[in-house]
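Using this note's numbering, the letters of the sequence shown correspond one by one to residues 490 to 818.
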Amino acid sequence: MTILLFLRLAYLGAASLILFVVAIPPLRIHFLAYGARTHPAPGDKSSQRTVEKTGLLNLFLERLAALTVPHAWFASFYAVSVVSSLFWASQILTHGPLFRMVAAVAATPDNAEATMTIPQITVTWLFLLAQATRRLYESLVLTPPSHARMWIGHWVIGVLFYIGTSVAVWIEGIPAIQGHTFHPSDLSLLAPTPCTFFATILFLLASGVQHDSHAYLASLRRKTLTSPPKRGGDGKSGGGDGMHYKLPTHPAFTSLIAPHYTAECLIYLSLAIVAAPPGGHGFNGTLACVLVFVAVNLGVTAAGTKRWYEDVFGEEAVRGRWRLIPFVF
490 MTILLFLRLA YLGAASLILF VVAIPPLRIH FLAYGARTHP APGDKSSQRT VEKTGLLNLF
550 LERLAALTVP HAWFASFYAV SVVSSLFWAS QILTHGPLFR MVAAVAATPD NAEATMTIPQ
610 ITVTWLFLLA QATRRLYESL VLTPPSHARM WIGHWVIGVL FYIGTSVAVW IEGIPAIQGH
670 TFHPSDLSLL APTPCTFFAT ILFLLASGVQ HDSHAYLASL RRKTLTSPPK RGGDGKSGGG
730 DGMHYKLPTH PAFTSLIAPH YTAECLIYLS LAIVAAPPGG HGFNGTLACV LVFVAVNLGV
790 TAAGTKRWYE DVFGEEAVRG RWRLIPFVF
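Rendered as structure tokens:
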């Protein structure tokens with residue numbers, strides 16, 4: 490098995506695992522919720538009844554789910570991504586030993602016929618670095634302090650995702666890299682292809698929407714001592730974690746539960762488009778697999794967020810808001 494096939498199967502396998510966990514109630518209850526969603530709304534007895542019926546299995550899952558890390562470690566995902574991107578850039582520029590090792594196990598007979606170009610590799614790498622750098626800044630500067638925690642499995646999967654994606658953005662361009670000697674002129678601005686132009690506009694717009702959404706959500710999170718939450722009402726509610734929550738009313742949230750999740754999918758879609766090998770390929774196959782994982786992961790999270798909003802603020806408050814994809818889901 491080549492590393493290219495391994496990467497693709499890893500992303501698709503992880504997406505399938507998430508869907509499996511969603512389908513099994515005890516697994517869903519213990520391992521999918523984190524942060525505010527780990528605190529069920531008052532009056533919501535469905536989760537408790539499901540847990541009570543599982544007996545010894547529930548005890549085991551509770552012990553496993555108790556292995557958590559601070560939610561603040563979320564920033565480490567983006568630090569890993571930035572460091573990995575810079576590391577692989579140095580390996581690619583110098584044709585270093587680790588690049589040569591990856592190239593040796595990634596070789597396939599048709600690689601030379603369907604390879605990314607050097608400009609594509611450069612732009613795709615820059616997109617990922619820019620995304621990770623911005624998210625690292627937002628995590629360190631915008632996100633307020635929190636006592637929330639996440640399951641250690643989420644953290645491990647996140648770290649592996651960003652390590653793998655730092656390779657996925659260039660792995661389909663190995664033949665071009667091997668036959669190229671890098672020069673400062675490679676950084677010169679060239680007229681973009683239609684696909685590169687479209688993907689760049691999509692990336693910039695999605696990044697802007699995501700940043701605005703993150704900044705807005707951060708402004709809503711303030712620590713207070715609250716009474717038990719009320720359903721519906723004035724759009725404000727106290728959570729079981731001592732946080733005071735408000736229903737988002739920013740224009741981006743008018744039709745979507747989590748526009749920052751939708752924007753994340755569009756960002757990875759732009760990567761899959763800009764990295765598509767020439768010759769009629771609409772998408773980069775490896776980055777398309779990355780997009781599938783991101784869409785499944787965030788789609789499941791968005792669905793959980795909508796249920797939590799319905800429990801806390803009432804169904805009417807979020808009626809008509811799509812979870813991830815307008816008019817689809």
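Built from N, CA and C at the ideal position, the CB exists for glycine as well.
Contact check, L656 vs L496 under 8 Å by CB: the rounded distance?
As written in the sequence, residue 656 is Val, which differs from the Leu given in the question. Contact flag correct, Cβ pair sits at about 7 Å.
How is the beta strand (DSSP E) around V558 delimited, first residue to last?
Start and end: T557 to P559.
Between which two residues does the alpha helix (DSSP H) harbouring M590 extend?
Note, M590: alpha helix (DSSP H), P586 to A595.
Please name the residue in G769, N773, R623 and W811 whose C-alpha comes closest to that of L787.
The candidate whose alpha carbon is nearest that of L787 is W811.
Assess, as a yes-or-no matter, whether the stretch 701-708 is touched by the stretch 622-642 under the definition of 3 or more beta carbon pairs within less than 8 Å.
Yes, they touch.
Mind pulling the alpha helix (DSSP H) runs of 4 or more residues that sit fully within the stretch 719-794?
Entirely contained in the stretch 719-794, the alpha helix (DSSP H) runs reaching 4 residues are, in chain order, 748-763.
Excluding the five sequence neighbours on either side, which residues of its own chain have a C-beta within less than 6 Å of the C-beta of I652, listed in chain order?
If we look at I652 and ignore the five residues flanking it on each side, its Cβ neighbours are S573.
Enumerate in chain order the residues of its own chain whose CB-to-CB distance from G532 is below 6 Å, with the five nearest sequence positions on each side excluded.
The pLDDT assigned to G532 is 49, lower than 50, so where the model puts this residue is not dependable, and the model offers no usable value.
Tell me the rounded alpha-carbon separation between Q667 and A791.
Distance between the alpha carbons of Q667 and A791 is about 41 Å.
Along the chain, where does the beta strand (DSSP E) that runs through R449 open and close?
Past the boundaries of the shown model lies residue 449; the chain is included only from 490 to 818, so the question cannot be answered.
Taking 6 Å as the limit between beta carbons, can you name the residues of its chain near I513, skipping five residues before and five after?
Cβ within range, chain order: n/a, list empty.
Would you kindly work out how many angstroms separate the C-alpha atoms of A504 and V781, rounded to a whole number?
Taking the straight line joining both Cα atoms gives about 7 Å.
L508 and L575 - do their beta-carbons sit closer together than 9 Å?
Taking 9 Å as the Cβ cut-off, L575 and L508 do not qualify as a contacting pair.
Please list the segments of the alpha helix (DSSP H) lying wholly inside the stretch 634-705, counting only runs of 4 or more residues, in order along the chain.
Listed in chain order, the complete alpha helix (DSSP H) runs (minimum 4 residues) inside the stretch 634-705 are 641-657 and 663-667.
In the DSSP assignment, the alpha helix (DSSP H) including T447 goes from what residue to what residue?
Any property of residue 447 remains undetermined from this structure, which presents the chain solely from 490 to 818.
What residue range is occupied by the uninterrupted alpha helix (DSSP H) comprising E551?
That run of the alpha helix (DSSP H) goes L545 to A554.
Pull up the distance between the alpha-carbon of L516 and that of V783, whole angstroms please.
Rounded to whole angstroms, L516 to V783 spans 20 Å at the Cα level.
List the endpoints of the continuous alpha helix (DSSP H) containing A806.
Note, A806: premise wrong, no alpha helix (DSSP H); not H, not E.
Nearest-angstrom Cα distance between A761 and H739?
About 29 Å.
Out of S635, T685, C778 and F818, point me to the one whose CA is closest to A564's CA.
With distances taken between Cα atoms, A564 lies closest to S635.
Cβ atoms of Y757 and V779: under 9 Å apart, would you say?
Cβ distance < 9 Å, so V779 and Y757 count as in contact.
What is the residue span of the alpha helix (DSSP H) that V630 lies within?
Run containing V630: none; DSSP gives neither H nor E here.
Can you grab the Cα-Cα spacing for the pair Q699 / L545, in whole Å?
Rounded to the nearest angstrom, the two C-alpha atoms are 42 Å apart.
Could you spell out where the alpha helix (DSSP H) holding L813 opens and where it closes?
Taken as a continuous stretch (DSSP letters only), L813 belongs to no alpha helix (DSSP H), as it is neither H nor E.
Measure the CB-CB distance between V558 and I641 and report whether it falls below 9 Å.
In this structure, I641 lies closer than 9 Å to V558 by Cβ.
How is L521 classed by DSSP in three states: helix, strand or coil?
Coil, per DSSP.
Between the alpha carbons of R638 and R552, how many angstroms are there, rounded?
Rounded to the nearest angstrom, the two C-alpha atoms are 15 Å apart.
Could you tell me the alpha carbon to alpha carbon distance between F520 and Y567, rounded to whole angstroms?
Approximately 22 Å between the Cα atoms of the pair.
With distance defined between alpha-carbon atoms, name the residue in A592, A561 and G774 nearest to I492.
Comparing Cα-Cα distances from I492 to each of A592, A561 and G774, the minimum goes to A592.
If distances are taken between C-alpha atoms only, which option among H643, T611, V571 and A499 comes closest to A555?
If we check each option's Cα against that of A555, H643 comes out closest.
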